[in-house]
Amino acid sequence: MRVPLSWLKECVNITIAPEELGHRLTMAGLEVAAIHKIGLEGAELAWDRQKIVIGNVLEVKPHPNADLLVLADVDYGAATPHTVVTGAPNLFVYKGQGPLAHPFKSVIAFEGAQLYDGHREERLIVTLKGRPVRGVLSNAMLCSEKELGLSDEHEGIIRLEDDAPVGMPACELLGEVVFEIDLTPNLARCLSIIGIAREVAALTGETFTLPEPQALMTGTPIEGRVQVTIEADDLCPRFTAGLIEGITIQPSPHWMQRRLRYAGMRPVNNMVDISNYVMLEWGQPTHAFDADCVSDQHLIVRLARAGERLTTLDDKERDLQNVSTTPLLVCDLQGPLALAGIMGGASSEVRETTTRVLLEAAIWKPSQVRRSAQEFKLPSEASRRFERGVDYALPWPAQHRALELMRTLGGGTIVQGLVDVYPHRWEPLVLQLPPAEVERIVGVRLSAHEIAQLLQSLGFVCKVQGSGGMGDLSTVMGGQLDVSTVMVEVPSFRQDVTLLADLCEEIARVYGYDRIPETRLMDELPAADRHPERELEQRSRDVLVGCGLSEVITYALTDMAAVARLSPAEAQSSRYLRLSNAVSPEREYMRRSLLPSLVEALATNLKEQQRVGLFEIGRVFLPNDDDTWLPDELLCLGLALAGTRHPPTWKDQSGGASTEAMLDFFDLKGIVETLLKRLMIHEALAWVALNDDERFHPGRSAMLMRGSGEEQQKVGVVGELHPLVLERFHVDVPRAVVAELQLDTLMALAQQPIYTAISRYPATVQDLAVVVANDVPAERVVGLIRQGAGALLESVSLFDIYSGPQIGAGKRSLAYRLAFRASDRTLTDEALTKVRNKVIKLLEREIGASIR
373 MRVPLSWLKE CVNITIAPEE LGHRLTMAGL EVAAIHKIGL EGAELAWDRQ KIVIGNVLEV
433 KPHPNADLLV LADVDYGAAT PHTVVTGAPN LFVYKGQGPL AHPFKSVIAF EGAQLYDGHR
493 EERLIVTLKG RPVRGVLSNA MLCSEKELGL SDEHEGIIRL EDDAPVGMPA CELLGEVVFE
553 IDLTPNLARC LSIIGIAREV AALTGETFTL PEPQALMTGT PIEGRVQVTI EADDLCPRFT
613 AGLIEGITIQ PSPHWMQRRL RYAGMRPVNN MVDISNYVML EWGQPTHAFD ADCVSDQHLI
673 VRLARAGERL TTLDDKERDL QNVSTTPLLV CDLQGPLALA GIMGGASSEV RETTTRVLLE
733 AAIWKPSQVR RSAQEFKLPS EASRRFERGV DYALPWPAQH RALELMRTLG GGTIVQGLVD
793 VYPHRWEPLV LQLPPAEVER IVGVRLSAHE IAQLLQSLGF VCKVQGSGGM GDLSTVMGGQ
853 LDVSTVMVEV PSFRQDVTLL ADLCEEIARV YGYDRIPETR LMDELPAADR HPERELEQRS
913 RDVLVGCGLS EVITYALTDM AAVARLSPAE AQSSRYLRLS NAVSPEREYM RRSLLPSLVE
973 ALATNLKEQQ RVGLFEIGRV FLPNDDDTWL PDELLCLGLA LAGTRHPPTW KDQSGGASTE
1033 AMLDFFDLKG IVETLLKRLM IHEALAWVAL NDDERFHPGR SAMLMRGSGE EQQKVGVVGE
1093 LHPLVLERFH VDVPRAVVAE LQLDTLMALA QQPIYTAISR YPATVQDLAV VVANDVPAER
1153 VVGLIRQGAG ALLESVSLFD IYSGPQIGAG KRSLAYRLAF RASDRTLTDE ALTKVRNKVI
1213 KLLEREIGAS IR
């Protein structure tokens, strides 16, 4: 939320620096993400006090040598007016009229002033220089909002309010400090200027002044003219309606437009702007209906009925029945007019021809608004407030404030009285708070007087109860009551406070977390329970980070378009869990694989760097055949590699971009094997070639399998992405490899580390070259060598592959380096020969190998 400082000052006196105020708000739980300064010292563009001032446009004359330019005489407080050459479109209507009957205020900048260039899209600061313009010297200019940095509006000069003082530095009138505050959902009371001003008063010790708006109501009484019926009073505890007639739709004055822009909202017209202004000021959303479009001036609050549809203000027709939650509507006798608390309908919207406005200010059940806003994918500033809970007392002052602004800014007459249907009145909650409870929870000993003062500064009503009976704060201060507890009445704008702990939190916030003394715990910390699965998960992260990969966290929700980019067949044939009330179409299905989002992250990161290695640990969701059961949630590990293997050097003539220099299948396979080794997985896992998966390049992928025969289980897959997949994801490298492993299964196979003494005896290294058929995987040979050699084999690695006429057609030679070592003796040639012969016989029997 963006909060202008000048607006806050209307409710509370602020004397401390903006930076100090931002610090205090942050320490109290209202995190100030940024402080923006506009036109003031410290801003990107600070307006010169002498050269950028308020001027009064007295007369607009034709330019003698240019039809598209005019000469404006501007009074800026000097003895004589200053003539400005300008081409502002909104001045041409006054050209040649002589002295204006109603001069208007604007901002004039003189030679040497620094402004933004109004003709560029980007913000570029330029210095104003005097020069002849078609024969007339121009050493000043009338400013647009864009040139001052107030907005992107450049079609015409600023028109200020009539009471703007001539000659005043523009920074004094238009300069502003805007706090950008990140509000958490529990801070519903702070979604308004008044709510934040109340917090500021409590944190600074100043007095908070609650505005008391009064509307001048002189029209015919509202009784019998407007009727409100609430059929679903459990969803609408209060509904108020007011009526104003004879209004004119026109632009809002500059002071209102300025504040709305500072607060992050776009001005539209006076009626829309007033509704937004009151919402920002009070926290109460309102909605304006064109009264002539409401049948019999009768508003009805009810649930949607069969077959009803509504075209909302965004020109989209909404089916009100084909939804999981029946929406709450504001209707007339003819049908729906608005989605309650979310958005109005096009049939009753305020138009340029509107002269009568029926104004609604109501309270809606938060859960109902939240579900409907999600269902129709219509989040708004209004629904954001209703979802968190709006003060039951706000509709009345908000009505008066909005109607009076409509009268003063749009003309017209306010009908006497309001319709106020209030079936479920707010029942205040009273909590008993002993000072000892505050000390126990907060850790600070405070008197009843201090507790009551802190809570009353936030708007709570406090009385004290003791041996002498009940009394107010003055009774405690006078020493007339022996206090045993503080009775706290929770105001209607604090619906989040229901427990004593909530009150203690409020006391701690205002007292200051940084003032609470540090104390030692009364006892030792309890022993933490071990979680082996989390430890293995963290060990996996450590291994992968050590291999140069970066962890990413992607959404568990996806859409079919993302799935189809990786595998069109998967998107068409597999069952996915669909959310009945998705936040957006891109987050409609529960993922079955980590790879679509991981490849998307890979493509994004490759735009910024030459080498990218990513991994993600997350759950995938597989629906059961029986939909009555919850889905299976499997913990998976996804990996992705792409780019150059090493940074390019002067020796690399290709600049590191050759295909041989790119990361490939074997790089990722090595990372997977490193992970398996570090997880202490001793069970033999086999790599099996995978040739029929459309996601991968043919012949460049493999499955990691556990077991054998019919009991063989797939543990994961590693492969180079198919070129068509790279194209669909816009991956701008010739090669990318990915892997997905079932981490649940791997962690079940992991063993605790077993530490053994380092052997004192030397290792013996031998080479073994075997000739096998081309379709025998090298990993299969490694497995047989380990099986035949037994415990004496310390390591085995492939170091050479050869094929040629000497080997024979359809065959190849695989050369392995074997290291043998015993823990209790030096191995003899005789012992090694026996082991070697056993390995050779096993290779000949199992795969038909021969020794080269």
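Mind the numbering: the sequence shown is residues 373 to 1224 in the working numbering, read in order. C-beta atoms are modelled at their ideal positions from N, C-alpha and C, and glycine is treated no differently.
query = Do you know offhand how far residue 946's Cα is from residue 492's?
reply = As a first step, residue 946 must be located in the sequence shown, where it is residue number 574. As a first step, residue 492 must be located in the sequence shown, where it is residue number 120. One C-alpha to the other measures close to 51 Å.
ask   = How is residue 454 classed by DSSP in three states: helix, strand or coil?
value = Taking the sequence shown and counting its residues from 1, one reaches residue 454 at position 82. Note: residue 454 maps to strand in three-state DSSP.
ask   = By the 10 Å Cβ neighbour count, where 16 or more other Cβ atoms means buried, how is residue 626 classified, buried or exposed?
value = Here the question's residue 626 lines up with position 254 in the sequence shown. By the 10 Å Cβ count, residue 626 comes out buried.
ask   = Do you know offhand how far residue 612's Cα is from residue 802's?
value = On the sequence shown, position 240 is the one that residue 612 refers to. On the sequence shown, position 430 is the one that residue 802 refers to. So the alpha carbons of these two residues sit roughly 27 Å apart.
key: For residue 1001 and residue 837, the rounded distance between their alpha carbons   = Locating residue 837 in the sequence shown gives position 465, counting from the first residue. Locating residue 1001 in the sequence shown gives position 629, counting from the first residue. Roughly 55 Å between the two C-alpha positions.
query = Is there a Cβ from chain C that is less than 8 Å from the Cβ of residue 508?
reply = The structure shown contains no chain C; it is built from a single protein chain.
query = Taking Cβ to Cβ, would you say residue 407 is nearer than 8 Å to residue 391?
reply = Locating residue 407 in the sequence shown gives position 35, counting from the first residue. Locating residue 391 in the sequence shown gives position 19, counting from the first residue. Yes, Cβ-Cβ distance for residue 407 and residue 391 is below 8 Å.
ask   = Is the Cβ-Cβ distance between residue 1186 and residue 1150 less than 8 Å?
value = In the sequence shown, counting from the first residue as 1, residue 1186 sits at position 814. In the sequence shown, counting from the first residue as 1, residue 1150 sits at position 778. In contact: residue 1186 and residue 1150 (Cβ atoms closer than 8 Å).
ask   = For residue 398, which of helix, strand or coil comes out of DSSP?
value = As a first step, residue 398 is located in the sequence shown; it is residue number 26 there, counting from the start. Three-state result, residue 398: helix.
ask   = Excluding the five sequence neighbours on either side, which residues of its own chain have a C-beta within less than 7 Å of the C-beta of residue 1225, listed in chain order?
value = Not covered by the structure: residue 1225. The range shown for the chain is 373 to 1224.
request  = Could you name the residues of the same chain whose beta carbon sits closer than 7 Å to that of residue 558, not counting the 5 residues immediately before and after it, in chain order?
outcome  = Position 186 of the sequence shown, counted from the start, is the residue given in the question as residue 558. Closer than 7 Å at the Cβ level, and outside the excluded window around residue 558, lie 868.
query = Can you tell me whether DSSP reads residue 634 as helix, strand or coil?
reply = Your numbering for residue 634 matches position 262 in the sequence shown. Residue 634 falls in the helix class under three-state DSSP.
ask   = What do you reckon, are the CB atoms on residue 409 and residue 415 nearer than 8 Å?
value = As a first step, residue 409 is located in the sequence shown; it is residue number 37 there, counting from the start. As a first step, residue 415 is located in the sequence shown; it is residue number 43 there, counting from the start. Yes, they are a contact pair.
key: Every unbroken beta strand (DSSP E) within the stretch 597 to 648, with a cutoff of 3 residues, ordered by chain   = 599 to 602 and 610 to 617
query = Does the beta-carbon distance from residue 1099 to residue 965 come in below 8 Å?
reply = The residue given as residue 1099 occupies position 727 in the sequence shown. The residue given as residue 965 occupies position 593 in the sequence shown. No, these two residues do not count as a Cβ contact at 8 Å.
ask   = Quick one: Cα of residue 1157 to Cα of residue 1224, how far?
value = Indexing the sequence shown from 1 puts residue 1157 at position 785. Indexing the sequence shown from 1 puts residue 1224 at position 852. So the two alpha carbons sit approximately 16 Å from each other.
ask   = Assuming residue 1068 contacts residue 1093 under a Cβ cut-off of 8 Å, what Cβ separation, rounded to an integer in Å, is found between them?
value = In the sequence shown, counting from the first residue as 1, residue 1068 sits at position 696. In the sequence shown, counting from the first residue as 1, residue 1093 sits at position 721. With 8 Å as the limit, residue 1068 and residue 1093 qualify as a contact, their Cβ atoms being about 6 Å apart.
key: Run of the beta strand (DSSP E) containing residue 659, from where it starts to where it stops   = Taking the first residue of the sequence shown as 1, we reach residue 659 at position 287. Where residue 659 is concerned, the enclosing beta strand (DSSP E) stretches over 659 to 662.
ask   = When we look at the beta-carbon of residue 907 and count the other beta-carbons within 10 Å, is it buried (16 or more) or exposed?
value = One-based indexing of the sequence shown puts residue 907 at position 535. Counting Cβ neighbours within 10 Å, residue 907 comes out exposed, since fewer than 16 surround it.
task = Take residue 810 and list the residues in its own chain whose beta-carbon comes closer than 7 Å to its own, dropping the five residues that flank it on each side.
result = The count along the sequence shown starts at 1 and reaches residue 810 at position 438. Cβ within range, chain order: 818, 823, 876 and 879.
inquiry  = According to DSSP, is residue 523 part of a helix, a strand, or is it coil?
reply    = Your numbering for residue 523 matches position 151 in the sequence shown. Reduced to three states, the DSSP call for residue 523 is coil.
inquiry  = At the level of alpha carbons, what is the spacing between residue 950 and residue 960?
reply    = The residue given as residue 950 occupies position 578 in the sequence shown. The residue given as residue 960 occupies position 588 in the sequence shown. Cα to Cα, the separation comes out at about 6 Å.
request  = Identify, in the order they occur along the chain, each residue of the same chain with its Cβ nearer than 8 Å to the Cβ of residue 448, setting aside the five sequence neighbours on each side.
outcome  = Walking along the sequence shown from the start, residue 448 turns up at place 76. Same-chain partners within the cutoff: 425, 426, 427, 428, 454, 480, 538 and 539.
task = Could you give the DSSP three-state label for residue 973: helix, strand or coil?
result = Taking the first residue of the sequence shown as position 1, residue 973 is located at position 601. It is helical.
ask   = Which runs of the alpha helix (DSSP H), 4 residues or longer, sit entirely within the stretch 948 to 1018?
value = 967 to 978
query = Do the stretch 670 to 687 and the stretch 644 to 655 make contact, defined as three or more Cβ pairs closer than 8 Å?
reply = no
message = If you follow the alpha helix (DSSP H) that residue 914 is in, where does it begin and where does it stop?
response = Reading the sequence shown from its first residue, position 542 is the one you call residue 914. Run containing residue 914: 904 to 918, per the alpha helix (DSSP H) assignment.
request  = Note down the Cα distance separating residue 377 from residue 422, rounded to an integer number of angstroms.
outcome  = Mapped onto the sequence shown, residue 377 falls at position 5. Mapped onto the sequence shown, residue 422 falls at position 50. Spanning the two alpha carbons is a distance of roughly 24 Å.
Residue burial classification, residue 717 (beta-carbon count within 10 angstroms, cutoff 16) = Your numbering for residue 717 matches position 345 in the sequence shown. Buried: at least 16 other Cβ atoms inside 10 Å.
inquiry  = Which of the three DSSP states is assigned to residue 758 in this structure?
reply    = Against the sequence shown, residue 758 aligns to sequence position 386. It is helical.
query = residue 772: which of 671, 696 and 656 sits nearest, CA to CA?
reply = Stepping through the sequence shown from its first residue, residue 772 is reached at position 400. Closest by alpha carbon: 656.
request  = Following the continuous beta strand (DSSP E) through residue 1167, name the residue where it begins and the one where it ends.
outcome  = Taking the sequence shown and counting its residues from 1, one reaches residue 1167 at position 795. Taken as a continuous stretch (DSSP letters only), the beta strand (DSSP E) holding residue 1167 covers 1165 to 1174.
inquiry  = Within 10 Å of its beta-carbon, does residue 518 have 16 or more other beta-carbons around it, so buried, or fewer, so exposed?
reply    = Here residue 518 refers to the residue found at position 146 when the sequence shown is read from its first residue. Result: buried.
query = In whole angstroms, what separates the C-alpha of residue 1207 from that of residue 1200?
reply = Along the sequence shown, read from residue 1 onward, the residue named residue 1207 stands at position 835. Along the sequence shown, read from residue 1 onward, the residue named residue 1200 stands at position 828. Roughly 11 Å separates the two Cα atoms.
message = For residue 735, list the residues DSSP reports as bridge partners.
response = For the purposes of this step, residue 735 is taken as residue 363 along the sequence shown, with counting starting at 1. Answer is 610.
request  = Would you tell me roughly how many angstroms separate the C-alpha atoms of residue 728 and residue 583, rounded to the nearest one?
outcome  = Here the question's residue 728 lines up with position 356 in the sequence shown. Here the question's residue 583 lines up with position 211 in the sequence shown. Whole-angstrom Cα-Cα distance: 27 Å.
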